[in-house]
Amino acid sequence: DLHWQAEENRWLGEAGLLWEWLSRERERFEAGWRWLASEVAFQDLRGQDWPFTLRGRIDRLDYHPENSDLVVWDYKSGDIPKKNQVLEEVAEAQLPCYLLAVQQGRAPVNQTAANLRAGFIGLKSPRPQHLKHEDFGATPEKWLEAALAFVAKVTALGRRLAAGDFRPDPTPAPEKPHGGACQYCPYELVCGFVPATDLEEEEM
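Numbering (this note's numbering), first residue to last: 4 to 207.
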């Protein structure tokens, strides 16, 4: 299989991603960080006014015993989202969602964290701009704000659904040439969503 041969070479070749990644992880270990858990499943995540619950799986949790720092990590084999998409717009919701799961005790964590943050581990290639631990330099307070914004966003969505409004509203919205949330959606052919840019082009 040519695809798997290329993937094997990407990870295990002479300048492969695996060796560079392990080197970065060794540096973090020497700085005091420890892997706390991986593939941490959670369920029954809820907000005060949510008519439903959420469930998911956290890729990885790191803990620094000296200063009680806990970091929630999500692996990314593609491009890492931009800072404003995660912390301001909450268009990339997985990290705020995972933080909320830890805060609510839905994700089992055996350590008490004084500082809770999150970030992405980029694994697109061995290049420095791709292979990195990216937490956007955000403080625990900023991550808490993002988690609260996520709660508000899901609350608004829940109210829409409870009122019978099921119109598609993908976030991030598709913008040419990028597919946004629609890029990997299996229901693209049946949902009927038309981006505003496409409507403007039709009117012209």
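Positions of the beta carbon are idealized from the N, C-alpha and C atoms, including for glycine.
Worksheet item: Three-state secondary structure (DSSP) at residue 232?
Response: The structure shown does not extend to residue 232, since the chain is modelled only from 4 to 207, so the question has no answer here.
Worksheet item: Just how far apart, CA to CA, sit residue 188 and residue 172?
Response: Your numbering for residue 188 matches position 185 in the sequence shown. Your numbering for residue 172 matches position 169 in the sequence shown. Approximately 13 Å between the Cα atoms of the pair.
Worksheet item: So is residue 109 buried or exposed if we call it buried at 16+ other beta carbons inside 10 Å?
Response: Along the sequence shown, one-based indexing puts residue 109 at 106. Buried, by the Cβ-count rule.
Fill in: Cβ-based burial, residue 38 [other Cβ within 10 Å; buried from 16]
Taking the sequence shown and counting its residues from 1, the one referred to as residue 38 is at position 35. With fewer than 16 Cβ atoms within 10 Å of its Cβ, residue 38 is classed as exposed.
Worksheet item: Which same chain residues, not among the five before or five after residue 75, have their C-beta less than 7 Å away from its C-beta?
Response: As a working note, residue 75 is residue 72 in the sequence shown. Same-chain partners within the cutoff: 61, 64, 98, 101, 102, 105 and 121.
Discussion item. Helix, strand or coil for residue 67? Go by DSSP, reduced to three states.
Written reply: By 1-based counting over the sequence shown, the position of residue 67 is 64. In this structure, residue 67 counts as strand in the three-state DSSP scheme.
Fill in: Sheet register partners of residue 121 (DSSP bridge)
Walking along the sequence shown from the start, residue 121 turns up at place 118. Per DSSP, 75.
Worksheet entry | For residue 194 and residue 135, the rounded distance between their alpha carbons | Translated into the one-based positions of the sequence shown, residue 135 becomes position 132. Translated into the one-based positions of the sequence shown, residue 194 becomes position 191. Distance between the alpha carbons of residue 135 and residue 194 is about 36 Å.
Discussion item. Are the CB atoms of residue 185 and residue 191 within a distance shorter than 7 Å?
Written reply: Numbered from its first residue, the sequence shown carries residue 191 at position 188. Numbered from its first residue, the sequence shown carries residue 185 at position 182. Cβ atoms of residue 191 and residue 185: closer than 7 Å.
Discussion item. Since residue 93 and residue 153 should fall inside the 8 Å C-beta cutoff, what is the C-beta to C-beta distance between them, to a whole number of angstroms?
Written reply: Here residue 93 refers to the residue found at position 90 when the sequence shown is read from its first residue. Here residue 153 refers to the residue found at position 150 when the sequence shown is read from its first residue. Yes, they are in contact, since the Cβ atoms of residue 93 and residue 153 sit about 5 Å apart, within 8 Å.
Discussion item. Just to check my reading of the structure: residue 20 and residue 198 have Cβ atoms closer than 8 Å, yes? What is that Cβ distance to the nearest angstrom?
Written reply: Mapped onto the sequence shown, residue 20 falls at position 17. Mapped onto the sequence shown, residue 198 falls at position 195. That pair is no contact at about 34 Å.
Discussion item. Taking the beta carbon of residue 78 as the centre, do at least 16 other beta carbons fall within 10 Å, making it buried, or is it exposed?
Written reply: As a working note, residue 78 is residue 75 in the sequence shown. By the 10 Å Cβ count, residue 78 comes out exposed.
Practice prompt. Taking 7 Å as the cut-off, decide whether the C-beta atoms of residue 50 and residue 174 are in contact.
Written response: As a first step, residue 50 must be located in the sequence shown, where it is residue number 47. As a first step, residue 174 must be located in the sequence shown, where it is residue number 171. No, the pair does not count as a contact, with Cβ atoms beyond the cut-off.
Item to complete: Could you tell me the distance, in whole angstroms, from the CA atom of residue 4 to the CA atom of residue 127?
Response: Position 1 of the sequence shown, counted from the start, is the residue given in the question as residue 4. Position 124 of the sequence shown, counted from the start, is the residue given in the question as residue 127. Roughly 20 Å separates the two Cα atoms.
Item to complete: Using beta-carbon positions only, say whether residue 125 and residue 133 come within less than 7 Å of one another.
Response: Here residue 125 refers to the residue found at position 122 of the sequence shown. Here residue 133 refers to the residue found at position 130 of the sequence shown. In contact: residue 125 and residue 133 (Cβ atoms closer than 7 Å).
Fill in: Contact check, residue 69 vs residue 35, beta carbons under 7 Å
Counting from 1 along the sequence shown, the entry for residue 69 is found at position 66. Counting from 1 along the sequence shown, the entry for residue 35 is found at position 32. The answer is yes: Cβ separation under 7 Å.
Practice prompt. Evaluate residue 47 with the Cβ neighbour count: other Cβ atoms within 10 Å of its Cβ, from every protein chain shown; 16 or more gives buried, anything less gives exposed.
Written response: Indexing the sequence shown from 1 puts residue 47 at position 44. The residue is exposed, with fewer than 16 neighbouring Cβ atoms inside 10 Å.
Worksheet item: CB residue 84 to CB residue 95, shorter than 7 Å?
Response: The count along the sequence shown starts at 1 and reaches residue 84 at position 81. The count along the sequence shown starts at 1 and reaches residue 95 at position 92. In contact: residue 84 and residue 95 (Cβ atoms closer than 7 Å).
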